[in-house]
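As structure tokens, the structure follows; a few thoughts come after it.
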Amino acid sequence: MSLAQTTIADDTGGGGGTSPARTGDGTCVWYGVCNVAGSPSLQTSQYCPYNGTARPVDDRTRDLLQVWCKHLLVDDAVTCCDAQQVDVLNQNVKLAANFLARCPSCMANLVRHMCDFTCSPQQSKFMEIKATEVNDKTKKEFITNIDLHITGQYMNGTYDSCSAVSSPSTGRRALDLMCGSWGASKCSARKWFTYMGTTEGNPYVPFQINYIEHDEPVVPAAEEQELVPLNPRVVPCSEKLDAKTPACSCVDCELSCPRPPPPSPPPQPFVIYGYDGYAVVMFVVFLVCSGLFVIGACLCQSGGNGAELLVDGDTLHADLRSAVGRRLAGGLSNNNSGDLGGTDREDSPLQSKRSSATWDGEQELRPHPSAIHGDDDGESGYFERLGAKTETALEKFFTAWGTTCASHPWIVLLLGLIFIVTMGFGITFLHVTTNPVELWASPNSRSRIERECFDAHFEPLYRIEQMIIRAENLSNVV
1 MSLAQTTIAD DTGGGGGTSP ARTGDGTCVW YGVCNVAGSP SLQTSQYCPY NGTARPVDDR
61 TRDLLQVWCK HLLVDDAVTC CDAQQVDVLN QNVKLAANFL ARCPSCMANL VRHMCDFTCS
121 PQQSKFMEIK ATEVNDKTKK EFITNIDLHI TGQYMNGTYD SCSAVSSPST GRRALDLMCG
181 SWGASKCSAR KWFTYMGTTE GNPYVPFQIN YIEHDEPVVP AAEEQELVPL NPRVVPCSEK
241 LDAKTPACSC VDCELSCPRP PPPSPPPQPF VIYGYDGYAV VMFVVFLVCS GLFVIGACLC
301 QSGGNGAELL VDGDTLHADL RSAVGRRLAG GLSNNNSGDL GGTDREDSPL QSKRSSATWD
361 GEQELRPHPS AIHGDDDGES GYFERLGAKT ETALEKFFTA WGTTCASHPW IVLLLGLIFI
421 VTMGFGITFL HVTTNPVELW ASPNSRSRIE RECFDAHFEP LYRIEQMIIR AENLSNVV
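No gaps in the numbering here: position 429 of the sequence shown is 429 in UniProt numbering, and each next residue is one more.
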């Protein structure tokens, strides 16, 4: 088939190769199929230019639109496509569904704009024909290049809902196959739509589609009506299309994955007048305790007037010198007394025949001057008396305890044995968990419940961790 190419400029006449004259309500830019190109195994349909109003939908077209383009079927619906065009549209959508059907929201978002620019009765508001060609055999003109004005909001929203969709058959993401040489890692909304509208390197595109992104209406030169960019509704992949259609799974939509609760805000620091509150509190407690201690020490002193008992140093030294002198001169004094024989000497105390009582009575030191006073308690402070009483009580208690234990050794040992056995009896209830399943999965966790359900309905699934291969003539090594 030989083709004669015609370029469309600013001619607005009614003949072939013209851009449609747009009215306030919008008109069609094409209707019907005028050419089929490509190989027999992969044919593409190219549409006929049509500058007119939309036409009523027949029953066959309505049935075809029910598959993907239900939003166009309103009361007394009119469209800019016939049944053949809708059939071609459904085939193209089915091709995309092979990769994107796992995510219903993504699929619906992409198909929405395909339905609108194929069949919308307001095509002239967002589409322009840029070039056509004529088939020499059929003499029919067909479109080869169009401008499609579309919002960035729709392009970005559709791309976001489809960017994470995976293709299990290839083990890759769907956009690795649908974004040309960029792949999923380098793809973007603009690159994706550019590739879907480019005929070069993409045999599935029947004619060149130039996606022109802008969010505000524009008025082209020498045109009376402004171009309003197409802005279909976009459903995030984490939301349901309707009550019957679920949202995309976590595998194909990151927003559908459960998120941990947001971390709680950090606690406000405890401050008092701009300083660390704990340091201020500790400082105040220290001051209060120190003050109470000092006040108690002052109020509890003995003597009433606070006078301290002074010990005469000269008297104390004299007493000590006298006692030491008597001790050293003990043998001489005894010899002079005549009470003991000459053989009873101080240098052999173990052989002395004197009683210790007599010796102690003779050699007893004079009492300390502080002991001469009659009222001993009145001369000591409160804390000294408290410490002495505490020490005396502890001494009596532990003395009685030790005496009792030493007096009844067998009873003490028996009671200790009974106590040890009683305390150690609880070890019989000790259970050491060694099963990894019990260690790492709570009985109420979802993974544990699913595993028990699987084991109950099928059989336990074990993962191979070690494989031993041996010759048949060798004994078992396990």
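Where is the CB? At the ideal position from N, CA and C, for every residue including glycine.
Reduced DSSP secondary structure (H/G/I, E/B, other) of residue i
| i | result |
| --- | --- |
| tyrosine 211 | strand |
| asparagine 156 | helix |
| histidine 408 | coil |
| leucine 394 | helix |
| serine 166 | strand |
| aspartate 76 | coil |
| phenylalanine 142 | strand |
| proline 436 | helix |
| proline 220 | coil |
| histidine 71 | helix |
| valine 421 | helix |
| arginine 385 | helix |
| isoleucine 464 | coil |
| isoleucine 150 | strand |
| isoleucine 469 | coil |
| glycine 374 | Residue confidence is low: glycine 374 scores 46 on pLDDT, short of 50, so the model does not pin down where it sits. Its coordinate-derived value is still stated next. In this structure, glycine 374 counts as coil in the three-state DSSP scheme. |
| threonine 403 | helix |
| leucine 230 | strand |
| threonine 428 | helix |
| threonine 23 | Residue placement at threonine 23 is poorly supported in this model, since its pLDDT is 42, which falls under 50; the coordinates still yield a value, given next. Threonine 23: coil per DSSP, three-state reduction. |
Limits of the alpha helix (DSSP H) - the one that residue i falls within
| i | result |
| --- | --- |
| leucine 89 | 83–100 |
| threonine 114 | According to the sequence displayed, residue 114 carries methionine and not threonine. Counting along the chain, the alpha helix (DSSP H) containing methionine 114 begins and ends at 104–119. |
| alanine 456 | 446–457 |
| methionine 282 | 277–299 |
| methionine 196 | 189–197 |
| lysine 186 | 183–186 |
| leucine 175 | 175–178 |
For residue j and residue i, believed in contact at Cβ under 8 Å, the rounded distance
| i | j | result |
| --- | --- | --- |
| isoleucine 146 | glutamine 46 | In fact, because the Cβ distance is near 11 Å, the residues do not count as touching under 8 Å. |
| leucine 230 | valine 218 | Going by Cβ atoms, the distance from leucine 230 to valine 218 rounds to 13 Å, so no, they are not a contact pair. |
| threonine 158 | asparagine 109 | 4 Å |
| glutamate 254 | alanine 184 | Wrong, their Cβ atoms sit about 13 Å apart, outside the cutoff. |
| serine 188 | aspartate 252 | Serine 188 to aspartate 252, Cβ: 19 Å. No contact. |
Enclosing beta strand (DSSP E) for residue i [first to last residue]
| i | result |
| --- | --- |
| tryptophan 68 | No beta strand (DSSP E) contains tryptophan 68, which is instead part of the alpha helix (DSSP H) from 59–68. |
| glycine 32 | 30–39 |
| tyrosine 47 | 42–49 |
| alanine 131 | 127–135 |
Short CB-CB distance (under 9 Å) between residue i and chain B
| i | result |
| --- | --- |
| cysteine 106 | Annotation note: the requested chain B is absent from the structure, which comprises a single protein chain. |
Given 8 Å as the limit, is there contact between the stretch 26–36 and the stretch 183–195, that is, 3 or more CB pairs closer than that? Verdict: no, contact absent.
Closer than 8 Å is the cut-off here; do at least three beta carbon pairs connect the stretch 97–117 with the stretch 228–246? Taking one beta carbon from each stretch, the stretch 97–117 and the stretch 228–246 have 3 or more pairs nearer than 8 Å; the two touch.
Spell out a yes or no on whether the stretch 126–144 and the stretch 69–78 are touching, meaning 3 or more CB-CB pairs, one atom from each, closer than 8 Å. With a cut-off of 8 Å, the stretch 69–78 and the stretch 126–144 do not count as touching, because too few Cβ pairs lie within range.
Could you check whether the stretch 38–55 touches the stretch 80–89, counting it as contact only if at least three pairs of C-beta atoms, one from each stretch, sit closer than 8 Å? As far as the Cβ criterion goes, the stretch 38–55 touches the stretch 80–89, which means the pair count is three or higher.
Is it true that the stretch 83–101 meets the stretch 111–120, where meeting means three or more beta-carbon pairs spaced less than 8 Å apart? Yes: at least three Cβ pairs fall under 8 Å.
With contact counted as at least three CB pairs below 8 Å, one residue from each stretch, are the stretch 166–175 and the stretch 124–137 in contact? The answer is no - the stretch 124–137 does not touch the stretch 166–175, with fewer than three Cβ pairs under 8 Å.
Examine the Cβ distances between the stretch 36–45 and the stretch 203–211 and report whether three or more of them are shorter than 8 Å. Yes: at least three Cβ pairs fall under 8 Å.
Segment contact, 8 Å Cβ cut-off, at least three pairs: the stretch 265–272 with the stretch 127–136: Result no; under three Cβ-Cβ pairs closer than 8 Å.
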